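Novice:
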Amino acid sequence: MSEKSSVVEPAYDPKAFDPASATIVVVTYNRSHLLAKLLVSITAMDPKPGHVVIVDNASGDDTTEVVESFRESIGTRIVYRRLEENTGGSGGFSEGMRAAYELGSTWIWLMDDDVEVLPDGLARMGVWAPRFKSIQGRRYDYDGSEFYWQYRLSIPLGIPIPFAPAGFDATGYREMNSGCFEGMFIHRDIVQKVGLPDPRFFIYWDDSVYGWLASLHTTSAIVDEFVLRRTREIRQWDMGVRHLNASSNAYRYYIMRNRGIMKHYFAEHGAYRPARFAVGTALTFVKELIRLVAVERTVRGTSNLFRGIRDGARIANDRSWRTMPPLSEVAADRA
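Position 155 (the sequence shown) corresponds to 155 in the UniProt record's numbering; numbering is contiguous.
1. Spell out a yes or no on whether the segment 126-134 and the segment 169-187 are touching, meaning 3 or more CB-CB pairs, one atom from each, closer than 8 Å.
2. Going by DSSP, what residue range makes up the beta strand (DSSP E) through E95?
3. DSSP state of W237, grouped into three classes?
4. Going straight from the alpha carbon of I203 to that of G89, what length do you get?
5. To which residues does DSSP link T23 through a beta bridge?
6. Can you say whether E116 is buried or exposed, counting buried as having 16 or more other CB atoms within 10 angstroms of its CB?
7. Beta-carbon separation of F201 and N258 under 8 Å?
8. Measure the C-alpha to C-alpha separation of S69 and S32 and round it to an integer number of angstroms.
9. Since H51 and V26 should fall inside the 8 Å C-beta cutoff, what is the C-beta to C-beta distance between them, to a whole number of angstroms?
10. Sort A58, L213, W109, L228 by Cα distance to S145 and report the nearest one.
11. Assign E329 to one of two classes, buried (16 or more other C-beta atoms within 10 Å of its C-beta) or exposed (fewer than that).
12. Would F163 be called buried (16 or more neighbouring beta carbons within 10 Å of its own) or exposed?
13. Using CA atoms only, rank isn't needed, just tell me which of S94, Y265, R138, N177 is closest to D224.
14. Please determine, among E72, R307, G260, P165, the residue with the shortest C-alpha to C-alpha distance to I42.
15. In the DSSP output, what is A221 paired with across the bridge?
16. At what residues does the beta strand (DSSP E) containing I74 begin and finish?
17. Give the secondary structure of S154 by DSSP, where H, G and I count as helix, E and B as strand, and everything else as coil.
18. Can the beta-carbon of W107 be found less than 8 Å from the beta-carbon of A123?
19. To which residues does DSSP link I186 through a beta bridge?
20. For Y80, does the three-state DSSP call read helix, strand or coil?
21. Do you know offhand how far A267's Cα is from I161's?
22. Quick one: Cα of A316 to Cα of M45, how far?
23. Less than 8 Å between the C-beta atoms of T28 and P49, yes or no?
24. Apart from the five residues on each side of it in sequence, which residues of its chain come closer than 8 Å, Cβ to Cβ, to P19?
25. Under the three-state reduction of DSSP, which class applies to R232: helix, strand or coil?
26. If we call anything under 8 Å between Cβ atoms a contact, is P199 one with S94?
27. Suppose the cutoff is 6 Å on Cβ atoms and the five residues either side in sequence are ignored; what does the same chain contact list for Y173 look like?
28. Under 8 Å by Cβ, that's how I've got P326 and V209 pegged, so tell me the actual separation to the nearest angstrom.
29. Spatial neighbours of N304 within its chain, please: C-beta separation below 7 Å, excluding the five flanking residues on both sides.
30. Nearest CA to the CA of I261: which residue from R291, G308, V293?
31. Hey, G55 and L83 are a contact pair by Cβ (cut 8 Å); roughly how many whole angstroms apart?
32. My guess is that D114 and T231 are in contact by the Cβ rule of under 8 Å, so how many angstroms apart are they, rounded?
33. Measure the C-alpha to C-alpha separation of F17 and W109 and round it to an integer number of angstroms.
34. Distance, Cα to Cα, G301 vs Y272?
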């Protein structure tokens, strides 16, 4: 994406950022072999976070045993939350962020189980902590290539801008208005204002919406720092400067259904534009059709897209539906 030599990076200052104030939150489901690789990488980190929160979405494999095997060797405190049912990535990150917040963490670093952290990853994120409160680092893909993440949303359309500039200038960052739970590094002050991630998404659009909400309260930034590496190979279509990954029937359903949830969040903040949002929904549908044909070489699975559109319309038209409240309101209700 950029020539690192052209970037003027601030230096890591342990006095300006306390690594022990950070908590890594990992959501896992039936992938103990990948979770083990991530925990090995956390063991090798320098500096290490104060806590690692692991949210297990009711895995049926040996995830519990794997977690227990790292308690003595990882070099930081593990908090293990095994849920009674699979709540999807959305539910897992919501519970994980809740746990990290209740631990008193100043910084919460979210990630899936199919990545590993680079040894100096936390230090690299800590460089930017004095300046920003919602930060996204960069990631290497499975083959070692530089992964491009679509960090800008077109809010009227409700979709990522696929060709937002990829390069960085001498500042070493670009402002973003989105988010990705595979690497989101967020300050507790913003979590308090935004609230917890909405578990009702189950999967897809949850992090995009959360990142957008964060950007309403602070300047959010993607920084030119490689801090993660994907450890799972995903079938994809190489389009040159971009890649289109393989998907699943569940993703196809939720990517359309959750448009109804997005509508409520945009409307809550005065950003919902019905005609343009409908265009964004149509473009999303077309993109998923292209993904089916170009990446998965099939046309089977379109029924999940149509089911998602149907159920999303029901959610969008539900006048009783409410967005997640800020944590300050939740605390006031409990008082």
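Every residue, glycine too, gets a C-beta built ideally from N, C-alpha and C. Source: prediction; values computed, not measured.
Specialist: On the basis of the coordinates in this document:
1. Short answer: they touch.
2. Start at 1 with the first residue of the sequence shown, and residue 95 comes out as number 95. That residue, E95, is in no beta strand (DSSP E); its alpha helix (DSSP H) goes 88-102.
3. As a first step, residue 237 must be located in the sequence shown, where it is residue number 237. The predicted model places W237 with a pLDDT of 49, which falls under 50 and marks its position as unreliable; any figure quoted below should be read in that light. Strand.
4. Walking along the sequence shown from the start, residue 203 turns up at place 203. Walking along the sequence shown from the start, residue 89 turns up at place 89. Taking the straight line from one Cα to the other gives about 6 Å.
5. Within the sequence shown, the letter at position 23 stands for residue 23. In DSSP, T23 forms a bridge with H51, I108.
6. Translated into positions along the sequence shown, residue 116 becomes position 116. When all chains shown are included, E116 counts as buried.
7. As a working note, residue 201 is residue 201 in the sequence shown. As a working note, residue 258 is residue 258 in the sequence shown. Going by C-beta atoms, F201 is nearer than 8 Å to N258.
8. For the purposes of this step, residue 69 is identified with residue 69 of the sequence shown, where counting begins at 1. For the purposes of this step, residue 32 is identified with residue 32 of the sequence shown, where counting begins at 1. Using only the alpha carbons, I get a separation of about 12 Å.
9. Position 51 of the sequence shown, counting from 1, holds the residue named residue 51. Position 26 of the sequence shown, counting from 1, holds the residue named residue 26. That pair is no contact at about 11 Å.
10. The residue given as residue 145 occupies position 145 in the sequence shown. For the residues A58, L213, W109, L228, the minimum Cα distance to S145 belongs to L228.
11. Here residue 329 refers to the residue found at position 329 of the sequence shown. So E329 ends up on the exposed side.
12. Here residue 163 refers to the residue found at position 163 of the sequence shown. Exposed is the call here.
13. Locating residue 224 in the sequence shown gives position 224, where the first residue counts as 1. When each option's Cα is compared against that of D224, the closest is R138.
14. Translated into positions along the sequence shown, residue 42 becomes position 42. Taking only the C-alpha atoms, the option nearest I42 is E72.
15. Numbered from its first residue, the sequence shown carries residue 221 at position 221. In DSSP, A221 forms a bridge with I135, E175.
16. One-based indexing of the sequence shown puts residue 74 at position 74. No beta strand (DSSP E) holds I74; DSSP gives it neither H nor E.
17. For the purposes of this step, residue 154 is taken as the residue at position 154 of the sequence shown. In this structure, S154 counts as strand in the three-state DSSP scheme.
18. Counting from one through the sequence shown, the residue named residue 107 turns up at place 107. Counting from one through the sequence shown, the residue named residue 123 turns up at place 123. Not a contact, by the Cβ cut-off of 8 Å.
19. By one-based count along the sequence shown, residue 186 stands at place 186. Answer is I108, S134.
20. Looking up residue 80 in the sequence shown gives position 80. Y80 falls in the strand class under three-state DSSP.
21. Stepping through the sequence shown from its first residue, residue 267 is reached at position 267. Stepping through the sequence shown from its first residue, residue 161 is reached at position 161. Their Cα atoms are separated by approximately 20 Å.
22. Within the sequence shown, the letter at position 316 stands for residue 316. Within the sequence shown, the letter at position 45 stands for residue 45. Distance between the alpha carbons of A316 and M45: 44 Å.
23. Counted from its first residue, the sequence shown places residue 28 at position 28. Counted from its first residue, the sequence shown places residue 49 at position 49. Not a contact, by the Cβ cut-off of 8 Å.
24. Along the sequence shown, read from residue 1 onward, the residue named residue 19 stands at position 19. Cβ neighbours of P19 beyond the five flanking positions: P47, K48, P49, G50, L122, A123, G126.
25. In the sequence shown, residue 232 corresponds to position 232, counting from 1. Residue state, collapsed to three classes: coil.
26. Your numbering for residue 199 matches position 199 in the sequence shown. Your numbering for residue 94 matches position 94 in the sequence shown. For P199 and S94, yes; Cβs fall inside 8 Å.
27. Counting from one through the sequence shown, the residue named residue 173 turns up at place 173. Taken in chain order, the residues that qualify are A221, V223.
28. In the sequence shown, counting from the first residue as 1, residue 326 sits at position 326. In the sequence shown, counting from the first residue as 1, residue 209 sits at position 209. Between V209 and P326 the Cβ distance is about 15 Å, and since that is not below 8 Å, they are no contact.
29. By one-based count along the sequence shown, residue 304 stands at place 304. So the qualifying residues of the chain are N249, R252, Y253.
30. Indexing the sequence shown from 1 puts residue 261 at position 261. Out of R291, G308, V293, G308 has the C-alpha closest to the C-alpha of I261.
31. The count along the sequence shown starts at 1 and reaches residue 55 at position 55. The count along the sequence shown starts at 1 and reaches residue 83 at position 83. Position check: residue 55 holds Val in this sequence, whereas Gly was assumed. With a Cβ gap of about 7 Å, V55 and L83 count as contacting.
32. Taking the sequence shown and counting its residues from 1, one reaches residue 114 at position 114. Taking the sequence shown and counting its residues from 1, one reaches residue 231 at position 231. Indeed, because the Cβ distance is near 6 Å, the residues count as touching under 8 Å.
33. Here residue 17 refers to the residue found at position 17 of the sequence shown. Here residue 109 refers to the residue found at position 109 of the sequence shown. Cα-Cα distance, rounded: 14 Å.
34. Against the sequence shown, residue 301 aligns to sequence position 301. Against the sequence shown, residue 272 aligns to sequence position 272. Cα to Cα, G301 sits roughly 29 Å from Y272.
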